């Protein structure tokens, strides 16, 4: 009896464990589905809310928002810990339903309320996804919002007007995230790739026929002509294919940053400030693998700028400024690096406040202050948990936004430069290298000793025989005059060691390639110029490690290895040596 009882107990325990295991798996699947659905719901939610400002009686838009909020409310009900999201969604849905049934036109109060609710719902959903406790300020602002929904008043004078517009097919802005590394193609892109692949197939058949029907021994002229035709067509089709594939990976900047104007408007309204947003370079094509990270950084910069930088209208009036603050975003690309310049005309970074906070946080000491540059002081704001704001809200105060910016830039091996003038504003210049598993470079091939160098053509300013240059030596450095500038003139070994080759006839027997990077020009001494080539750049890998002055390697047609010059690194080596020499 007791044996049977024991057996039954163990069996029940096993069944219970299985049951809880199955239930846990189901909850995990339901939660994952909810977070994916929430991401889709919020993707263009704020843009759709803003459309109601110009079309306050648009029933299509109101119905669309109602369906999204209703879906969010229904989906979160099965997710543990989602009660607060459900409560806020319920009040949101109730107001939208009231607008629908009573035929009210959406007013400014509704738009502001919808935008703030969207932001806080996203904060709550992210908190739920991270499985963290709700912060007190999040709970406080959510409760305040829930109460506000019941107090919305309509004047009743606005007549309902159904906007007569055709259903819109919204283009999906593809972004890369952890769950889905795919990219979207439109039909035009797909058709172009299919067309190029078709031409490649024809070319393959041509090559096969050529090798079978033309004998290079008995028909050398015909074989050479066919060979040249094949080579030209292959080069053309390869260029087209590369162009098409690179295009698939890119989106226009205005599509990637489409949510920034909405964010600026919503944040300014919530903080009772007037802010103008100006964007430049929005026609730039940006790699989709960067899209989400670039957007996140700009969002945090914008929130920080509007909350901390831009003063309220009264303060700006006292200082003689325009009552409307200004934030700007400028995007450009140069030599495979995305440049984001985000600025404002606000109060600027207060070094004294930053230093006080840094000292109290243990990031520096009073004794270190005289040795800190402005840039070092400003960059304290990138430390996790660093904030000069006294009150914590869902907008800012926890010191996590700028930490995200710094972490993301470092992830790509980029850098940040900050300039700020107290009372006039701040500018953040972010440089983010474009990650490339396969990188192509149009290069100039040259040799030095037994090494092959490939220099990116975009950085080559001029090629000249060394015998035509007038050389001077100052402080163990060799110089020549180039375009009115005194330009360093060295071979790679001299750049690496900082010691000049004593051979006085070295330059006369050589060629000199003038390489420019930004505003700096250097002269690289090489033995021969071998021609031009489009190369696939490969990383050095763990075995070779890193070689100073180079970004990678490639294999030439004769199977020789060539080293791809990194112009910025090469120029940096010479500049660093000159600084050390001067010191």
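Residue numbers (our numbering): 313 to 895. Glycine is no exception: its CB is placed at the ideal position from the N, C-alpha and C atoms. Keep in mind that this is a model prediction, so the values were computed, not measured.
Query	Result
Run through DSSP, which three-state label would residue 631 get?	coil
Could you pull the start and end residues of the alpha helix (DSSP H) that residue 616 belongs to?	600-616
Would you mind giving the Cβ-Cβ distance between residue 353 and residue 380, rounded to the nearest angstrom? I have them listed as a contact below 8 Å.	5 Å
Less than 7 Å between C-beta atoms, sequence neighbours within five positions excluded: which residues of the same chain meet that for residue 656?	617, 621, 622, 637, 638, 639, 737 and 738
Between the Cα of residue 508 and the Cα atoms of 627, 521, 548 and 604, which residue gives the shortest distance?	548
Rounded to whole angstroms, what's the CA-CA distance from residue 630 to residue 598? Just pull it up for me.	41 Å
Please check the pair residue 868 and residue 874, which I expect to be a contact at CB under 8 Å, by giving their CB distance rounded to whole angstroms.	5 Å
What separation, rounded to the nearest whole angstrom, lies between the Cα atoms of residue 922 and residue 741?	No statement about residue 922 is possible, as the shown extent of the chain runs from 313 to 895 and does not include it.
Among residues of its own chain, excluding the 5 on either side of residue 904, which ones have a beta-carbon nearer than 8 Å to its beta-carbon?	Look at the range of the chain in this structure, 313 to 895, and you will see that residue 904 is not part of it.
Taking C-beta to C-beta, are residue 896 and residue 698 nearer than 7 Å?	Given that the chain is displayed from residue 313 to residue 895, the structure contains no residue 896 and the question cannot be resolved.
DSSP has residue 835 in a bridge; who is on the other side?	801 and 826
Just checking, does the region 601-615 make contact with the region 719-728 on the three C-beta pairs under 8 Å criterion?	yes
For residue 794 versus residue 760, is the C-beta distance shorter than 7 Å?	no
Considering only residues of the region 506-591, which uninterrupted beta strand (DSSP E) runs meet the minimum length of 3 residues and lie entirely inside it, listed in chain order?	562-564
Output needed for residue 928: all residues of its chain with C-beta closer than 7 Å, excluding positions within five of it in sequence on either side, in chain order.	The requested residue 928 is not part of the displayed model; the chain covers only 313 to 895.
Is it true that the CB of residue 515 sits closer than 7 Å to the CB of residue 526?	no
With a 10 Å radius around its C-beta and 16 neighbouring C-beta atoms as the bar for buried, classify residue 802 as buried or exposed.	buried
In three-state terms, what does DSSP make of residue 846?	strand
What does a CB cutoff of less than 8 Å around residue 359 pick up in its chain, not counting 5 residues either side in sequence?	570, 571 and 574
Output the distance between the C-alpha atoms of residue 870 and residue 824, rounded to the nearest integer angstrom.	24 Å
Just to check my reading of the structure: residue 849 and residue 863 have Cβ atoms closer than 8 Å, yes? What is that Cβ distance to the nearest angstrom?	6 Å
Relative to the C-alpha of residue 562, which candidate in 604, 545, 546 and 583 has its C-alpha closest?	604
At which residues does the beta strand (DSSP E) containing residue 676 begin and terminate?	Element bounds for residue 676: n/a, residue is neither H nor E.
Under DSSP, the alpha helix (DSSP H) around residue 764 begins and ends at which residues?	From DSSP, residue 764 is part of no alpha helix (DSSP H) but of the beta strand (DSSP E) over 763-768.
Nearest to residue 431 by CA position, among 726, 664 and 581, is which residue?	581
Based on the DSSP output, what are the partners of residue 387 in its beta bridges?	Paired residue(s): none; residue 387 is not in a bridge.
Quick one: what does DSSP say residue 644 is sitting in, helix, strand or coil?	strand
Three-state secondary structure (DSSP) at residue 683?	helix
Are the CB atoms of residue 819 and residue 778 within a distance shorter than 7 Å?	yes
Which of the three DSSP states is assigned to residue 463 in this structure?	coil
Return the chain-ordered list of same chain residues with a C-beta closer than 6 Å to the C-beta of residue 880, the five sequence neighbours on each side being excluded.	829
Below 8 Å on the Cβ atoms is my contact criterion, and I expect residue 886 with residue 807 to pass it. Report the Cβ-Cβ distance as a whole number of Å.	6 Å
Among residues of its own chain, excluding the 5 on either side of residue 884, which ones have a beta-carbon nearer than 7 Å to its beta-carbon?	none
Have a look at 845, 792 and 368 and flag the residue whose alpha-carbon is nearest the alpha-carbon of residue 836.	792
Residue 693 lies in the beta strand (DSSP E); which residues open and close that run?	Per DSSP, residue 693 belongs to no beta strand (DSSP E) and is neither H nor E.
Using only the alpha-carbon positions, how far apart do residue 615 and residue 434 sit?	15 Å
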